[in-house]
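Numbering (mature numbering (1 follows the signal peptide of the UniProt record, and there is no 0)), first residue to last: -26 to -1, 1 to 659. Yeah, the Cβ is synthetic: ideal placement off N, Cα and C, and Gly gets one too.
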């Protein structure tokens, strides 16, 4: 299959390949400064076929190809022409091709794109790189998977200034635009001096000559009423908003409808432009405001009503990050961070209706072994409904969020915890109030959940009109009323399902799927275990994880260990960088016999492990946040060491580890502490 594609590509390749921009390569007689990692499988350069490939003829897991150092203050587009060929259709671990961005000063590579679909011809991937002042490298990783016979070929990498949705249709790959095939009407490439009946226009718009190319669709083969042809852009891969412009010609004898839509990943279409003119014998410019806060495709759709419909031609699609007309005013794109809150300082942009007393209160629990603290840090603030037990028979609390714009897809996430309810109905519900406050829609309510555990809820919603999110807690009779806690409300653009499909945050480990960059350093019986739910021994260990309340964490099972025995969780070698790094994690040390938890830094080439942080003895029934600031200009490893304490009640756990470049935004007062605060069980309201 690869050979067939070879000739097609060789024939289609442009003469301008010699003038490639930095980071671009057609793999003709060299790899253009791309280097492979000799610790892994070798890539083979096939100069005659213009591609580079790796296959399973060698034993090994993967091959890595790294670009020369690149720099671009402008937005740019990476186009990758590739092919994955395998013999078996379905494999639990198929061969895949990954593309990472390696930025200066970062210990982790950011995964931008990944593909595993085998094909019998080449495919194109388009990825937007946002403007940045940091130098970077592109890293391609071919994973061989477990196929008996698989090969991964890369024909061309092209990095061009501008946006991936822009196109002048002069290149054979058509910038990744694709026609959705229809038996009767399709978009074709026109021009290029082909002198065929297909070339319906004398000149394109880009070059203004018969040699230039454009896209067109005509009605010659229309068989049915309402035939539709669609030209689909590559998917946007970074949030963008501004002005989309293009040139078109339209000739019609009976009605043609030419429409531009945006389509999000859940398949929802939104019309953004439609032709109003009946005829245009020359190229006409069109422009439309365009917002893609989450991945979207632009679809150019032409609908015909008869075979005498006429034609539509399209050329020179371009994008500018400024809105088309200043008539719309400089719209500032909605910032979802303004609709979230961790309640550490205040209520942020949330507010209460004072008619509803006693409502929600902002409270803080000092570290203790009876009542859990907040979700953000374990010792910060959260909201509690029904704190002031009044003589009233019941209560209602409504917490209103800020106004959200209409016609956007949102994902709302928050954490809640329940204490002491006999009946669950009404304990906590989320409503959407449309701006006029007339329409109220309940979009979520508590069904059942473990008591006293911070549990994550996530809800996707989209409303045509501006609206508010309202958290409501109420109960009718005093005897049914318990406590409802709320914390860490966040809002993001796009549906929650789409957010789950997004590529993982580099340097983040929640232990939901696996142990990420960490491995066990086994010594004796002491080892870390990945677990969900409570630990087996009572009065020690967490009831649930920190990420969602129902997910996974890592812990030591004290009943399998002896006093003083150690368990090590060691990261793989991380890239050294100049400048400070910040490590955040959550730890759980509850149990009368709790031992020690320490974090060490081990630099490459050194035997010693530098202690960065330590806690000794029982700390709290809550997950507490740990913060460590450190530096290492050499490659290094981070080590979590847990030591079992005097009794079985010594289950120590960790979760939600995050490595970030740059100094910590907050600083922990104490890096090395023993024992326990005096003011154990005070609750502040």
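Hey, quick one: how far does the beta strand (DSSP E) through residue i stretch, first residue to last?
{"i": "residue 201", "result": "201 to 206"}
{"i": "residue 403", "result": "403 to 408"}
{"i": "residue 214", "result": "214 to 226"}
{"i": "residue 558", "result": "551 to 563"}
{"i": "residue 429", "result": "429 to 436"}
{"i": "residue 613", "result": "610 to 617"}
{"i": "residue 414", "result": "414 to 419"}
{"i": "residue 138", "result": "No beta strand (DSSP E) holds residue 138; DSSP gives it neither H nor E."}
{"i": "residue 605", "result": "598 to 606"}
{"i": "residue 449", "result": "441 to 449"}
{"i": "residue 209", "result": "Taken as a continuous stretch (DSSP letters only), residue 209 belongs to no beta strand (DSSP E), as it is neither H nor E."}
{"i": "residue 237", "result": "230 to 238"}
{"i": "residue 389", "result": "383 to 393"}
{"i": "residue 338", "result": "334 to 339"}
Confirm, please, whether the CB-CB distance from residue j to residue i is below 9 Å.
{"i": "residue 347", "j": "residue 394", "result": "no"}
{"i": "residue 38", "j": "residue 116", "result": "yes"}
{"i": "residue 11", "j": "residue 40", "result": "yes"}
{"i": "residue 359", "j": "residue 388", "result": "no"}
{"i": "residue 248", "j": "residue 258", "result": "no"}
{"i": "residue 194", "j": "residue 277", "result": "no"}
{"i": "residue 325", "j": "residue 337", "result": "no"}
{"i": "residue 444", "j": "residue 375", "result": "yes"}
{"i": "residue 36", "j": "residue 76", "result": "no"}
{"i": "residue 126", "j": "residue 18", "result": "no"}
{"i": "residue 556", "j": "residue 468", "result": "no"}
{"i": "residue 458", "j": "residue 402", "result": "yes"}
{"i": "residue 575", "j": "residue 604", "result": "yes"}
{"i": "residue 131", "j": "residue 220", "result": "no"}
{"i": "residue 627", "j": "residue 509", "result": "yes"}
{"i": "residue 189", "j": "residue 287", "result": "yes"}
{"i": "residue 51", "j": "residue 88", "result": "no"}
{"i": "residue 527", "j": "residue 521", "result": "yes"}
Within 10 Å of its beta-carbon, does residue i have 16 or more other beta-carbons around it, so buried, or fewer, so exposed?
{"i": "residue 72", "result": "buried"}
{"i": "residue 641", "result": "exposed"}
{"i": "residue -21", "result": "Since pLDDT at residue -21 reaches only 36, below the 50 mark, its modelled position is unreliable, and the value read off the structure follows with that caveat. Residue -21 comes out buried."}
{"i": "residue 171", "result": "Caution applies to residue 171, whose pLDDT of 42 falls short of 50 and renders its modelled position unreliable; the value that the coordinates give is listed next. Answer is exposed; the Cβ neighbour count stays below 16."}
{"i": "residue 500", "result": "buried"}
{"i": "residue 81", "result": "buried"}
{"i": "residue 372", "result": "buried"}
{"i": "residue 328", "result": "exposed"}
{"i": "residue 140", "result": "buried"}
{"i": "residue 311", "result": "exposed"}
{"i": "residue 339", "result": "buried"}
{"i": "residue 44", "result": "buried"}
{"i": "residue 629", "result": "buried"}
{"i": "residue 637", "result": "exposed"}
{"i": "residue 546", "result": "exposed"}
{"i": "residue 323", "result": "exposed"}
{"i": "residue 413", "result": "exposed"}
{"i": "residue 660", "result": "Absent from the structure is residue 660, since the part of the chain shown begins at -26 and ends at 659."}
{"i": "residue 176", "result": "exposed"}
{"i": "residue 34", "result": "exposed"}
{"i": "residue 351", "result": "buried"}
{"i": "residue 478", "result": "exposed"}
{"i": "residue 226", "result": "buried"}
{"i": "residue 114", "result": "buried"}
{"i": "residue 496", "result": "exposed"}
{"i": "residue 13", "result": "exposed"}
Please determine whether the Cβ atom of residue i lies at a distance below 8 Å from any heavy atom of the ligand PLP.
{"i": "residue 526", "result": "Ligands in the displayed structure: none, and consequently the ligand PLP is not present."}
I'd like to know if residue i contacts chain B, where contact means its C-beta is closer than 9 Å to some C-beta of that chain.
{"i": "residue 550", "result": "Looking at the structure shown, chain B is missing, and only one protein chain is on hand."}
Requested in this report: Please specify which runs of the beta strand (DSSP E), each continuous and at least 3 residues long, are wholly inside the stretch 247 to 324, giving them in chain order.
Outcome: 254 to 266, 270 to 278 and 284 to 294
**Report entry** Sequence ranges, beta strand (DSSP E) only - wholly within the stretch 463 to 539, length at least 3
**Finding:** 492 to 495, 502 to 506 and 526 to 530
Requested in this report: Specify whether the stretch 608 to 615 and the stretch 527 to 542 touch according to this definition: at least 3 beta carbon pairs, one from each stretch, less than 8 Å apart.
Outcome: yes
Query raised in the report: Quick check: the stretch 493 to 510 against the stretch 522 to 540, are there 3 or more CB pairs under 8 Å?
Result: yes
Requested in this report: Let me know the beta strand (DSSP E) ranges lying completely inside the stretch 101 to 133, each 3 residues or longer, listed in chain order.
Outcome: 110 to 117
Query raised in the report: Hey, which unbroken runs of the beta strand (DSSP E) at 3 residues or more fall wholly within the stretch 37 to 105?
Result: Fully contained in the stretch 37 to 105 are the following beta strand (DSSP E) runs of length 3 or more, in chain order: 50 to 60, 70 to 77, 84 to 89 and 97 to 103.
Query raised in the report: Would you say the stretch 117 to 129 touches the stretch 62 to 69, given that touching needs at least three Cβ pairs under 8 Å?
Result: yes
Query raised in the report: Does the stretch 403 to 423 come within contact of the stretch 483 to 491, defined as at least 3 CB pairs closer than 8 Å?
Result: Proximity of the stretch 403 to 423 to the stretch 483 to 491 falls short of the contact definition, fewer than three beta-carbon pairs being nearer than 8 Å.
Requested in this report: Let me know the alpha helix (DSSP H) ranges lying completely inside the stretch 568 to 598, each 4 residues or longer, listed in chain order.
Outcome: The stretch 568 to 598 contains no whole alpha helix (DSSP H) run of 4 or more residues.
Report task. Inspect the CB distances between the stretch 590 to 605 and the stretch 551 to 571 and report whether three or more fall short of 8 Å. Result -> yes
Query raised in the report: For the stretch 145 to 156 against the stretch 207 to 220, are there 3 or more C-beta pairs whose distance is under 8 Å?
Result: yes
Query raised in the report: Do the stretch 596 to 614 and the stretch 578 to 586 meet, that is, are 3 or more Cβ pairs less than 8 Å apart?
Result: Judged by pairs of C-beta atoms under 8 Å, the stretch 596 to 614 touches the stretch 578 to 586, as three or more such pairs exist.
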